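The structure appears below as structure tokens.
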Amino acid sequence: MTESEDSPALIVQTEQWEEGDSPYLSLTSRDLSNLADVMADLLASVGVKAKDRVLIYDFNTSISTLAMSRVFTPGLSEGVCERLECIAICTDGLSELAARSAYTFGLWQPEVLLIRSELASPFLAKLQGRSLQEADPNLRTVVAIHNDVVAWPRQIGLGPGRFEKRILCRVDPALFMCLVKPCGGIYYPRGRYRVDLDPESGTRLRVAPAFSPGRGTLVSNLEATAGGKDCGCGEGHEFVTEAPGF
Amino acid sequence: MVAYAYDNCPFYRSRWKEAGVRAEDINTLDDFRRKIPTFTKDDLRRESSGFDITGGITSCPPGDLRSYAMTSGTTGINTFIGLGSGFLETFLEQVAFREYWIAGLRPGMKAFMVPAGWHFFGIAQNMVLTRMGVTCVSSWGTLFHRYIPGIINAIKTHRPDYFLGLPWVVAELIKQSAEAGLEPKKLFEGVKYMSVAGEFVTAGFRKKIVDETGVLDVFESGGSVDGLWGGTDCFAHQGHHIWMDQIFSEVVGLDGKGEVGSGERGRIVTTNLRLGGPLYIRFLGEDLVKKTRETCECGRTHERVELYDRLVNSFKVGGKMLTSHDVAAVIEEACGYTVFVIVNPDAATDRLRVRIDKEKGGPNRESVAAELDRLSRRRLGVGMEIEWVDLSRIPFVNRKFVQVTRDDGR
Chain B
256 MTESEDSPAL IVQTEQWEEG DSPYLSLTSR DLSNLADVMA DLLASVGVKA
306 KDRVLIYDFN TSISTLAMSR VFTPGLSEGV CERLECIAIC TDGLSELAAR
356 SAYTFGLWQP EVLLIRSELA SPFLAKLQGR SLQEADPNLR TVVAIHNDVV
406 AWPRQIGLGP GRFEKRILCR VDPALFMCLV KPCGGIYYPR GRYRVDLDPE
456 SGTRLRVAPA FSPGRGTLVS NLEATAGGKD CGCGEGHEFV TEAPGF
Chain U
618 MVAYAYDNCP FYRSRWKEAG VRAEDINTLD DFRRKIPTFT KDDLRRESSG
668 FDITGGITSC PPGDLRSYAM TSGTTGINTF IGLGSGFLET FLEQVAFREY
718 WIAGLRPGMK AFMVPAGWHF FGIAQNMVLT RMGVTCVSSW GTLFHRYIPG
768 IINAIKTHRP DYFLGLPWVV AELIKQSAEA GLEPKKLFEG VKYMSVAGEF
818 VTAGFRKKIV DETGVLDVFE SGGSVDGLWG GTDCFAHQGH HIWMDQIFSE
868 VVGLDGKGEV GSGERGRIVT TNLRLGGPLY IRFLGEDLVK KTRETCECGR
918 THERVELYDR LVNSFKVGGK MLTSHDVAAV IEEACGYTVF VIVNPDAATD
968 RLRVRIDKEK GGPNRESVAA ELDRLSRRRL GVGMEIEWVD LSRIPFVNRK
1018 FVQVTRDDGR
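Just so you know, the sequences run in chain order B and U.
In this text, residue positions in the first sequence follow my numbering: the first is 256, and each later residue adds one.
In this text, residue positions in the second sequence follow my numbering: the first is 618, and each later residue adds one.
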């Protein structure tokens, strides 16, 4: 039995399939492998390393989750976990499962939490009055997953903690994923995407996956300005968006 | 297995020491059955900690651990199993491929399935599809009621030739597609086979699915991640094929003691025969089963296990042990497949209280209720008192309809 890298391994419905222009993503093994490269780069940029435990409170069908491990995804031979040698548990993305996710978080004490931004509140509500850091002193990084087609989250409500905070913005039809820092600086793996500002609006990020040229270019909803702006974090950023409220 | 477990698994070393058992005391199967104590899920949960969330039964070195899976948690809090680097490959080759070959899955097919990497069964399915070269078609989200329209759209748009899912999801797809004006046979046009898991599939339910969707057959995967045992049925639908080179199984009394005879109902006790992942040795499960060693109609000679239900869904009425599976068979005879819940069965004397989806009663609910009472007395030795209810009054927990509820004062 052999798999062809160019035939679809996974055809997955996007989150806004009813209203979206691209209700389905047809993904080859090569696409999935490239998504894993992107996600590995993003997570490594926030210090995720070998032996780290990553708890994912999001749907398995989210492209950020699909990239994480071969055990999560038909058609993927090596995900982030296999590349970075970290280990992940995905508890699924239902708000009804907040108790289960919180239980797993408290017991397992992961170094990294990937959580859909709208699930932060129900998740915290199940920590029995404790903050994220109090419930898990090991916690080093929290990444809130945001789908580009919904309104930018003004406040996610993660609460206080020593952990690094990021928003992972997904633009599914373009297979685009980037991290947004607390200063608003946008990080994405250079060479994997062509990214510029949409000439018409002048303020929205236009993205295309270099690893999947057939998908064309997409104007996202992510409002940004060109780099050079002093965001205060000391790093230069090619693009900067509204600083998120964590 | 025993020697390995004693030397490497803290859970077993501690329990067996307490029971005064050493690995060298176990030299025969009889020694194994008599001297190795059984354990339950609760025993394992008590040992689960941040240091080892699996409770100390993982049979691979800590550095070799590659992933975790959870159980469904339908009987309470989830438990976790740890999977070593080669374990999944071995499991795929020696168990999963056999399963899905029996169930009609073939390379090159397009299969509808929502990936569920949180559950061991989901992990196995993901990897089977990858290794078999089967294209996966998935809807967004997960298998839950509000995502049913998305599943309908995915099947309608991409026309898979195989379906993997849960029994209640199939029932909902049939119902909701018909309500939306799409004949279920049209929706499932092109789907040759289904493989479902998570709840028992009665003969009546299988017939309903085949008649209303036009699929050639529906295979049922049964078993439990707790104990890591299970298998699919074949075209004969006479129990789940359990691979005897992978699992050593025993069937004991409801109190967990004494082996019961072939063909009698009891609780399953499982011992895994492969290393590299969770190692269950005489795990006392919560499933009520019946086992047979007779050769199956399909020609396979491995033992078969018929799964009736979880122990929590069993009850004694008039001196007889019954399960929701028994009640389902009676209800199906009168109404066809339907969703129901048995209320406070332990308090029943002459009649069981059963809530049934009112849509199944039709225009003559009184006569259907009378027929059910009569059938139940004849088949089960106890009558039925029917309450026709809206579907929302039948509890749905952790993606399964609850079939027995207790302490319900209403």
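Don't be surprised by glycine CBs; every beta carbon is placed ideally from N, CA and C.
Please read these numbers as outputs of a predicted model, since none were measured by experiment.
| Item | Value |
| --- | --- |
| Mind pulling the chain U residues with CB within less than 7 angstroms of Pro263(B)? | Thr752 |
| Per DSSP, which one or two residues make a beta bridge with Ile311(B)? | Cys345(B) and Leu369(B) |
| Is it buried or exposed for Phe708(U), if we count other Cβ within 10 angstroms and need 16 for buried? | buried |
| Run down chain A in chain order and give the residues with a C-beta less than 9 angstroms from the C-beta of Met744(U). | The structure shown contains no chain A; the protein chains it does contain are B and U. |
| Output needed in chain order: residues of the stretch 442-459 of chain B with a Cβ under 8 angstroms from some Cβ in chain U. | none |
| What residue range is occupied by the uninterrupted alpha helix (DSSP H) comprising Cys336(B)? | Val335 to Leu339 |
| Taking Cβ to Cβ, would you say Ile1068(U) is nearer than 8 angstroms to Arg982(U)? | With chain U represented from 618 up to 1027, any question about residue 1068(U) goes unanswered, as that position is not in the structure. |
| Against Tyr779(U), what residues of chain B qualify as contacts under a CB-to-CB distance less than 7 angstroms, listed in chain order? | By Cβ distance, chain B contributes nothing, its closest Cβ being about 12 angstroms from Tyr779(U), past 7 angstroms. |
| Alpha carbon to alpha carbon, how far is Gly739(U) from Arg927(U)? Give it in angstroms, no decimals. | 21 angstroms |
| Between the alpha carbons of Glu258(B) and Asn961(U), how many angstroms are there, rounded? | Legend: pLDDT at Glu258(B) = 48, less than 50; position of this residue unreliable, no value from coordinates given. |
| Assign Glu837(U) to buried or exposed, taking buried as 16 or more other Cβ atoms, counted over all protein chains shown, within 10 Å of its Cβ. | buried |
| Less than 8 angstroms between CB atoms is the rule here; does His775(U) satisfy it with respect to chain B? | yes |
| Starting from the N-terminal side, write out each stretch of the alpha helix (DSSP H) that is 4 residues or longer and does not extend beyond the stretch 381-448 of chain B. | 387-390 |
| Locate the beta strand (DSSP E) running through Glu796(U), then write down its first and last residues. | Segment Pro784 to Glu796 is the alpha helix (DSSP H) holding Glu796(U); no beta strand (DSSP E) there. |
| According to DSSP, simplified to helix, strand and coil, what is Thr707(U)? | helix |
| Applying the 10 Å Cβ sphere with the 16-neighbour rule, what's the burial state of Glu490(B)? | exposed |
| Since I believe Val751(U) is in contact with Phe780(U) (beta carbons under 8 angstroms), could you give me their beta-carbon distance rounded to a whole number of angstroms? | Contact flag wrong, Cβ pair sits at about 12 angstroms. |
| Taking a Cβ distance cut-off of 9 angstroms, strictly less, list which residues of the stretch 716-735 of chain U are near chain B, in chain order. | Pro724, Lys727, Ala728, Met730, Val731, Pro732, Ala733, Gly734 and Trp735 |
| Under 8 angstroms: do the stretch 662-682 of chain U and the stretch 623-639 of chain U share three or more Cβ pairs, one atom per stretch? | yes |
| Any chance you could list the beta strand (DSSP E) runs of at least 3 consecutive residues sitting entirely within the stretch 701-765 of chain U, in chain order? | 727-729 and 752-755 |
| With 8 angstroms as the threshold, decide whether the Cβ of Asn770(U) is near any Cβ in chain B. | yes |
| Hey, quick one: how far does the alpha helix (DSSP H) through Phe649(U) stretch, first residue to last? | Leu646 to Lys652 |
| Give the secondary structure of Ala965(U) by DSSP, where H, G and I count as helix, E and B as strand, and everything else as coil. | coil |
| I'd like to know if the stretch 889-899 of chain U and the stretch 825-840 of chain U are in contact, where contact means that at least 3 CB-CB pairs between them fall below 8 angstroms. | no |
| What residue ranges within the stretch 801-889 of chain U form continuous alpha helix (DSSP H) runs of no fewer than 4 residues, ordered along the chain? | 801-804 and 820-830 |
| Looking only at its chain, what residues have a beta carbon closer than 7 angstroms to the beta carbon of Val495(B), apart from the 5 residues adjacent to it on each side? | Gly439, Gly440, Ile441, Ala479, Thr480, Gly482, Lys484 and Cys486 |
| With 9 angstroms as the limit, tell me which residues of the stretch 657-685 of chain U have their beta carbon closer than that to any beta carbon of chain B; keep them in chain order. | Ser665, Ser666, Gly667, Ile670, Gly680, Leu682, Arg683, Ser684 and Tyr685 |
| Just to confirm, are Glu716(U) and Gly902(U) a CB contact at a threshold of 8 angstroms? | no |
| Note down, in chain order, each residue of its chain lying with its Cβ closer than 6 angstroms to the Cβ of Leu382(B), except the 5 sequence neighbours on either side. | Ala357 and Ala390 |
| Report the partner residues of Asp926(U) according to the DSSP bridge assignment. | Leu905(U) |
| Using alpha carbons as the reference points, say which of Phe729(U), Lys824(U), Asn889(U) and Tyr629(U) lies closest to Gln711(U). | Asn889(U) |
| Where do the ends of the beta strand (DSSP E) carrying Tyr685(U) lie? | Leu682 to Met687 |
| For Arg982(U), name the three-state secondary structure that DSSP assigns. | helix |
| So, is Asn930(U) buried or exposed, given that buried needs 16 or more other C-beta atoms within 10 angstroms? | buried |
| Rounded C-beta distance between Leu265(B) and Leu287(B)? I'm assuming under 8 angstroms. | 7 angstroms |
| Return helix, strand or coil for Ser456(B), following the three-state DSSP convention. | coil |
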